[in-house]
Amino acid sequence: MPPNFIRHIIEDDMQTGKYDGRVVTRFPPEPNGYLHIGHAKSICLNFGLSIEYNGSCYLRFDDTNPGKENIEFVNSIKEDVRWMGFNWDEHLYFTSDYFERLYAYAVELIERGNAYVDTQSAEEIRQNRGSLKAPGTDSPYRNRAKEENLELFQKMKDGEFEEGACVLRAKIDMGSPNIIMRDPALYRIRKHRHHRTNDQWCIYPMYDFAHCLSDSIEGITHSLCTLEFENNRELYDWILDALDVYHPQQIEFARLNLSYTVLSKRKLIELVEGDAVSGWDDPRMPTISGLRRRGYTPESIRNFCERIGVAKRDSLVDFALLEHCIREDLNKKAHRVMGVLNPLRVVIENYPEDQSEEMDAINNPEDKAMGTRKVPFSKVLYIEQDDFMEDPPKKFFRLGPGREVRLRYAYFVTCTNVIKDETGKVIELRCTYDPATRGGDAPDGRKVKSTLHWVSAQHAVNAEVRLYDNLFAVEKPAADDDFKATLNENSVQILKDCKVEPGLGKAEPGLACQFERLGYFCVDSRDSAPDNLVFNRIVTLRDMWAKIKKQQKFK
RNA sequence: AGAGGGUUAGUGUAGCGGUAUCACGACGGGUUCUGGUCCCGUUAACAAAGGUUCGAAUCCUUUACCCUCUGCCA
Numbered sequence: 021m022p023p024n025f026i027r028h029i030i031e032d033d034m035q036t037g038k039y040d041g042r043v044v045t046r047f048p049p050e051p052n053g054y055l056h057i058g059h060a061k062s063i064c065l066n067f068g069l070s071i072e073y074n075g076s077c078y079l080r081f082d083d084t085n086p087g088k089e090n091i092e093f094v095n096s097i098k099e100d101v102r103w104m105g106f107n108w109d110e111h112l113y114f115t116s117d118y119f120e121r122l123y124a125y126a127v128e129l130i131e132r133g134n135a136y137v138d139t140q141s142a143e144e145i146r147q148n149r150g151s152l153k154a155p156g157t158d159s160p161y162r163n164r165a166k167e168e169n170l171e172l173f174q175k176m177k178d179g180e181f182e183e184g185a186c187v188l189r190a191k192i193d194m195g196s197p198n199i200i201m202r203d204p205a206l207y208r209i210r211k212h213r214h215h216r217t218n219d220q221w222c223i224y225p226m227y228d229f230a231h232c233l234s235d236s237i238e239g240i241t242h243s244l245c246t247l248e249f250e251n252n253r254e255l256y257d258w259i260l261d262a263l264d265v266y267h268p269q270q271i272e273f274a275r276l277n278l279s280y281t282v283l284s285k286r287k288l289i290e291l292v293e294g295d296a297v298s299g300w301d302d303p304r305m306p307t308i309s310g311l312r313r314r315g316y317t318p319e320s321i322r323n324f325c326e327r328i329g330v331a332k333r334d335s336l337v338d339f340a341l342l343e344h345c346i347r348e349d350l351n352k353k354a355h356r357v358m359g360v361l362n363p364l365r366v367v368i369e370n371y372p373e374d375q376s377e378e379m380d381a382i383n384n385p386e387d388k389a390m391g392t393r394k395v396p397f398s399k400v401l402y403i404e405q406d407d408f409m410e411d412p413p414k415k416f417f418r419l420g421p422g423r424e425v426r427l428r429y430a431y432f433v434t435c436t437n438v439i440k441d442e443t444g445k446v447i448e449l450r451c452t453y454d455p456a457t458r459g460g461d462a463p464d465g466r467k468v469k470s471t472l473h474w475v476s477a478q479h480a481v482n483a484e485v486r487l488y489d490n491l492f493a494v495e496k497p498a499a500d501d502d503f504k505a506t507l508n509e510n511s512v513q514i515l516k517d518c519k520v521e522p523g524l525g526k527a528e529p530g531l532a533c534q535f536e537r538l539g540y541f542c543v544d545s546r547d548s549a550p551d552n553l554v555f556n557r558i559v560t561l562r563d564m565w566a567k568i569k570k571q572q573k574f575k
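Under our numbering, think of the first position of the first sequence as 21, with each following residue one higher.
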């Protein structure tokens with residue numbers, strides 16, 4: 021991990037012996053949605069730091085709001101953290117495990133005269149809170165006797181009040197310039213079944229109360245969270261001091277923002293529930309499960325998290341960096357194969373009708389240990405429609421009438437004839453091949469300007485390929501009030517008649533490979549079947565020709 | 001003067017009083033049976049103004065701009 025301000029703090033603490041050299045962090049998600057790449061940043065930070073400093077990192081579910089949380093989310097979060105490559109060992113915790121202790125802390129706070137039961141309505145409390153510039157006013161119930169508060173809180177716990185009838189509040193300062201400190205609520209009544217404690221409780225601690233005390237109970241040393249909790253730190257410190265308990269150190273860092281997508285749980289939930297995507301694991305989603313299904317590897321995501329760094333300033337990370345990370349990883353690891361997305365039939369006129377032969381192809385030029393494979397060649401082939409132009413512009417090096425190109429690992433072929441349908445669309449090419457160029461090299465040393473990928477028509481396997489693009493059409497969709505209006509209408513394009521080399525027929529779900537000259541693709545883990553192959557495009561290869569085309573268009 | 005944070009190339013990030021780092025991107029070139037990879041090069045930044053100092057991105061002051069906070073969400 022490169023240097024960052026949090027590491028500096030930890031290193032200082034190691035020097036001064038602040039926590040006796042211990043480093044204990046935690047990743048504390050609320051199980052009310054799926055994890056996304058912003059969480060990946062936090063996971064890599066918390067687990068990464070604990071590994072680097074020989075400490076530990078706990079996984080704690082912050083499950084204090086039973087109305088929004090459920091077990092499906094708990095399970096998906098565990099799966100995602102594990103998939104990211106991190107291990108919480110035996111340290112799997114739930115805030116709900118501490119409900120009894122938290123309740124005892126609340127009682128103690130009342131006994132110390134630091135909390136009271138307020139029977140104002142939510143509306144009244146809001147009105148009495150004041151504003152950013154004006155102080156609030158004390159609740160009429162603020163100075164209830166200790167015994168009365170104790171009795172009322174007991175009754176809250178026993179279910180004698182309706183939801184909203186009252187709350188337990190910290191007795192701090194209604195005039196505090198920090199609004200968080202104006203007697204914040206600590207406990208509220210929720211007559212809701214909790215996914216772990218069932219109907220055992222009808223009062224639930226607020227995040228601010230539960231979170232800092234959970235950190236304290238667990239002996240967390242460095243409690244890392246995002247910037248929006250900076251204002252809350254004063255309250256955590258107050259609670260911990262009022263109770264005179266172990267005091268972790270909270271450090272805030274900037275949350276991740278990624279261009280062309282959204283990373284707020286609220287917005288992601290809206291996309292899922294509004295059917296803008298097919299689910300939490302839609303390959304266009306920035307969720308960990310979406311990225312996984314898309315074909316991103318844990319290594320690439322971890323690498324990305326390392327490169328974006330950790331700081332306090334708000335930022336917007338280029339999506340291109342994530343793409344760079346997956347290309348870099350897959351370039352080393354992915355098998356090369358040939359697949360044609362938009363097939364154009366090619367007949368090699370001088371190739372024997374019933375002949376076919378096996379060509380040797382390299383699986384990965386970056387790693388010769390990955391070996392070679394045989395690819396069948398025959399008289400009728402498919403090449404990419406984009407690889408032929410009847411009237412090629414400058415700098416188009418691929419096939420055209422009368423041109424010679426190399427078919428990768430096979431032969432040099434020359435286009436001799438172009439066949440069109442009645443609308444003028446090119447539907448077939450006639451070519452001749454040079455038998456002396458078998459394998460792809462010309463004995464006379466002549467060169468061609470381009471090498472094309474291809475598949476043999478009779479041997480090819482059919483596949484569906486889904487081409488993905490950015491979910492949003494603008495860099496900062498979050499800036500828009502109606503963020504859904506900026507969804508990219510062409511974020512997915514489905515191609516049904518793709519042709520891939522026969523070896524892919526038995527590809528396992530999740531397998532990632534490079535379709536040469538096109539990009540990285542993976543077998544969809546949800547929809548692909550042996551008789552119905554489905555590939556997701558993870559990312560395109562960097563594409564010089566695409567850039568040249570763009571430049572030519574602007575000229 | 002409501003409080004708390006922040007501001008370094010297009011983007012992200014390092015720097016902790018002594019030549020402004022690295023990565024991505026963009027642009028140009030070389031190698032190449034992938035217009036991929038790889039290699040080489042170019043581009044481009046300390047928000048502003050004062051002050052302290054032999055010397056300031058770094059310390060001090062002022063200003064500007066940005067973010068967060070008025071849930072019985074987290």
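A virtual CB, placed ideally from N, CA and C, is assigned to each residue, including glycine.
As the structure is a prediction and not an experimental result, all values here were calculated from the model.
Distance between beta carbons of residue j and residue i, contact taken as under 8 Å
i    : j    : result
P463 : Y402 : That pair is no contact at about 27 Å.
V337 : I346 : Not confirmed; about 14 Å, so no contact.
N552 : D544 : Their Cβ separation, rounded to whole angstroms, is 10 Å, which puts N552 and D544 out of contact at 8 Å.
L244 : N66  : 6 Å
A190 : T139 : 16 Å between Cβ atoms; not a contact.
L278 : I97  : Contact flag wrong, Cβ pair sits at about 20 Å.
E484 : V433 : At roughly 28 Å, the Cβ-Cβ gap does not stay under 8 Å, so E484 and V433 are not in contact.
I223 : Y118 : The Cβ separation is near 14 Å, so there is no contact.
F541 : I568 : Going by Cβ atoms, the distance from F541 to I568 rounds to 24 Å, so no, they are not a contact pair.
Same chain, Cβ closer than 6 Å to residue i, neighbours up to 5 away in sequence not counted
i    : result
S12  : Here the chain covers residues 21 to 575 and nothing more, so residue 12 does not appear.
M104 : I63 and P318
G460 : R426 and Y429
M379 : V395, F397, Y429 and A430
D301 : S309, G310 and R313
From the options, residue whose alpha carbon lies closest to that of residue i
i    : options                   : result
S284 : F181, A527, Y54 and N552  : Y54
P225 : P396, F25, A124 and A354  : A124
G38  : Y266, L122, D302 and G156 : Checking the displayed sequence, the identity of residue 38 turns out to be Lys instead of Gly. When each option's Cα is compared against that of K38, the closest is Y266.
I145 : I192, P204 and F181       : P204
L577 : E424, T36 and L69         : Any property of residue 577 remains undetermined from this structure, which presents the chain solely from 21 to 575.
A566 : N437, V94, G465 and D406  : D406
L538 : A480, F492, P522 and L487 : L487
L376 : Q478, W300, K415 and P421 : Going by the sequence as given, residue 376 is Ser instead of Leu. Nearest C-alpha to S376: Q478.
R393 : M358, K414 and E495       : M358
V494 : L263, V367, L507 and D517 : L507
I209 : V187, D193 and T217       : V187
K504 : R356, E72 and G294        : G294
A389 : K353, D501 and V446       : K353
Rounded separation between residue i and residue j - CA only
i    : j    : result
D178 : D219 : 11 Å
V282 : A498 : 6 Å
F324 : P372 : 51 Å
L350 : I382 : 16 Å
Y78  : E110 : 8 Å
F249 : S234 : 16 Å
V400 : N437 : 14 Å
E131 : M34  : 37 Å
F93  : Y316 : 21 Å
L515 : L361 : 7 Å
Buried/exposed call for residue i, threshold 16 Cβ in 10 Å
i    : result
R333 : exposed
H28  : exposed
L276 : buried
L291 : buried
M564 : exposed
D411 : exposed
E182 : exposed
K153 : exposed
A549 : exposed
L247 : exposed
E89  : buried
N198 : exposed
N576 : Not covered by the structure: residue 576. The range shown for the chain is 21 to 575.
Beta-carbon proximity list for residue i, same chain, < 7 Å, skipping 5 on both sides
i    : result
H212 : P86 and G87
N24  : G329, V330 and A331
R511 : In the sequence as presented, Arg is not what sits at residue 511; that position holds Ser. Correct list, in chain order: R304, Y488, D489, N490 and L491.
N252 : I200 and D228
Cut-off 8 Å between Cβ atoms - residues of its own chain near residue i, not counting five sequence neighbours on either side
i    : result
G75  : R42, V43, V44, T45, L69 and T241
D261 : H267
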